[in-house]
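A.B. asks: Handing you a structure now.
Number of protein chains: 2
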Amino acid sequence: MQNMRIGELAARAHVSTRALRYYEEQGILHSERTPSGQRVYGEAAVERVRLIQHLYSAGLASRTIALILPCVDTGHAPPEMLSSLHTERDRISTVIADLEQARRRLDQVIELTEHPDPEHCAIVRDAAGRTTAIAGVAA
Amino acid sequence: MQNMRIGELAARAHVSTRALRYYEEQGILHSERTPSGQRVYGEAAVERVRLIQHLYSAGLASRTIALILPCVDTGHAPPEMLSSLHTERDRISTVIADLEQARRRLDQVIELTEHPDPEHCAIVRDAAGRTTAIAGVAA
DNA sequence: CCTCACGTTGACGTCAAGGGCAAGTCGGCG
DNA sequence: CGCCGACTTGCCCTTGACGTCAACGTGAGG
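As you go down the protein sequences, you meet chains A and B in turn. My numbering numbers the first residue of the first sequence as 23 and each following residue consecutively. My numbering numbers the first residue of the second sequence as 23 and each following residue consecutively.
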C-alpha cells in the first residue's frame, strides 16, 4: 500500500496514466522501477502530482516547472535563478488580477440577470470598463 | 482617428493582426467593413480586445467566450444560461485559488533563497502543502 | 501613373499537453 | 499451465490559438 504503480497513482491524483508518463518524459515526475521496468511511486507522489497540476493551471510550461520544482524541493534556489522566479511570480500576479477582473465582469452579468434593477443597471454597466472602485460593488 | 483599421487596433491592444482576424472568425470580435472590404473598428474595440484577452487568460475557450460576450454586452443573460455562467465563475475562482497557492510556493522559495534562515525554514517547508494559515505569512 | 505600406482570404505549419492504438511484457490466480 | 488485466515503449493523432506564406486588392503620396 505504501508503494503503488502507475494506475493507482493516476486514480488517486485524478489524472491519466498517459499524463503521468508525459510528466516523467518532461522530467518533472520521477519514479522508481521494478526489475522488470514497471514504475513504482511512493505516497508523496500524489501530492507531487497535485502540485504539478497547480503549476500547470498557473500557466507555467513544463520546461519552467522542470526548472523550479527542484527549488521547491530543496527549499532554495541558485541565486542566478532568482530573477526568473521573480518574473514568474509577477506573471502569476498579473494573471490573477486579470482573472479577478474577468470574474467581476461575470459577477455583474449574473447579478443583473438574477436581480434586474433598472436604476442600479446603468451605474454598473457604465463602470464595467474600469478596474478601480468596482471591488466594493462586486464583493 | 475615431475609426481605425486592423493594424492600429492590433498595435493599441498589443495583439497580432492574425489574432484579431482569428477572433472575428470565432465570432467574438466584429468589425465594420469599408466598401472594399477592409475592417474598420471604433475606439471601443480596444477595450473589447483587452476583455477578450482577460477571458482567454482565464482559460475560457473561444466558444465559451462567444456565448457569454453578448451577455456582457447587453448586461443580462437568458435565464437558461445562468447555470453555465455560475459554472464558469466557479472555474475561474478555482483557477485563482490554484494560482495563489502556486504563488505562495514561489514566494517561499524566493524568501528562503533571499533570507536563508535555518529556524524559519523547517516551519515554512512543513506548511508548504497546506492552503490555510499561510496567507498571513506569504503576504 | 507608380510605388509601397497596409489590407484581404486561404491554406498550411507549429507547439504544448496529452489521447489512442499497437505489439509486446509482467504478474497474480485458478 | 494458461489467462487476463495492468504495465511497457513507440508512434502518430487531436485540439486550440495562433504564426507564416502565397497571391492578390487598396489607397494616399510623389
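Ideal Cβ placement from N, Cα and C applies to all residues, glycine included.
#1: Below 8 Å, can you find three or more Cβ-Cβ pairs linking the stretch 34-50 of chain A to the stretch 83-91 of chain B?
#2: On the three-state DSSP scale, how would you describe V62/A?
#3: Just by C-beta distance, which residues in the stretch 105-118 of chain B are closer than 9 Å to chain A?
#4: Rounded to a whole number of angstroms, what is the C-alpha to C-alpha distance between T96/B and Q130/A?
#5: State yes or no: is the beta carbon of G151/B nearer than 8 Å to at least one beta carbon in chain A?
#6: Check for me: the alpha helix (DSSP H) holding R85/A runs from which residue to which?
#7: Using a Cβ-Cβ cutoff of less than 6 Å, which residues in the same chain neighbour L51/B once the five nearest sequence positions on both sides are dropped?
#8: So that I know if they touch, is there some Cβ in chain A lying closer than 8 Å to that of Q123/B?
#9: Between the Cα of R70/B and the Cα atoms of H98/B, S53/B, P57/B and H108/B, which residue gives the shortest distance?
#10: Find out if the Cβ-Cβ distance for the pair R27/B, R55/B is shorter than 8 Å.
#11: Mapping DSSP to helix, strand and coil, what is R125/B?
#12: Contact criterion: CB-CB distance below 8 Å. Does I87/B meet it with respect to chain A?
#13: Look at the Cβ atom of L104/A, then the Cβ atom of T116/B, and state whether they are nearer than 8 Å.
#14: What's the C-alpha gap between R34/B and E122/A?
#15: Would L107/A pass as a contact of A124/B if the rule is Cβ separation under 8 Å?
#16: Against chain A, which members of the stretch 27-46 of chain B pass a CB distance test of less than 9 Å?
C.D. replies: On the basis of the coordinates in this document:
#1: No, because fewer than three Cβ pairs between the stretch 34-50 of chain A and the stretch 83-91 of chain B fall closer than 8 Å, the two stretches do not touch.
#2: In the first sequence, the residue the question calls residue 62/A occupies position 40. Strand at V62/A.
#3: Contact annotation: in the stretch 105-118 of chain B, residues whose CB is within less than 9 Å of a CB in chain A are L107, H108, E110, R111, I114, S115, T116, V117 and I118.
#4: One-based indexing of the second sequence puts residue 96/B at position 74. One-based indexing of the first sequence puts residue 130/A at position 108. Straight through space, the alpha carbons of Q130/A and T96/B are spaced by roughly 11 Å.
#5: As a working mapping, residue 151/B is identified with position 129 in the second sequence. Here G151/B scores only 42 on pLDDT, less than 50, and its place in the model is too uncertain to base an answer on.
#6: By 1-based counting over the first sequence, the position of residue 85/A is 63. For R85/A, the enclosing alpha helix (DSSP H) covers residues S84 to T96.
#7: The residue labelled residue 51/B in the question sits at position 29 within the second sequence. Taken in chain order, the residues that qualify are Y45.
#8: The count along the second sequence starts at 1 and reaches residue 123/B at position 101. With respect to chain A, the C-beta atom of Q123/B has a partner C-beta closer than 8 Å.
#9: Here residue 70/B is taken as the residue at index 48 of the second sequence, counted from 1. In this structure, S53/B is the residue among H98/B, S53/B, P57/B and H108/B with its C-alpha nearest to the C-alpha of R70/B.
#10: Within the second sequence, residue 27/B is the residue found at index 5, counting from 1. Within the second sequence, residue 55/B is the residue found at index 33, counting from 1. No, the Cβ-Cβ distance between R27/B and R55/B is not below 8 Å.
#11: In the second sequence, counting from the first residue as 1, residue 125/B sits at position 103. Helix, per DSSP.
#12: The residue given as residue 87/B occupies position 65 in the second sequence. For I87/B, the nearest beta carbon of chain A is not closer than 8 Å to its own beta carbon.
#13: Translated into the one-based positions of the first sequence, residue 104/A becomes position 82. Translated into the one-based positions of the second sequence, residue 116/B becomes position 94. The answer is no: Cβ separation not under 8 Å.
#14: Locating residue 34/B in the second sequence gives position 12, counting from the first residue. Locating residue 122/A in the first sequence gives position 100, counting from the first residue. Rounded to the nearest angstrom, the two C-alpha atoms are 23 Å apart.
#15: For the purposes of this step, residue 107/A is taken as residue 85 along the first sequence, with counting starting at 1. For the purposes of this step, residue 124/B is taken as residue 102 along the second sequence, with counting starting at 1. Cβ atoms of L107/A and A124/B: not closer than 8 Å.
#16: Residues: none.
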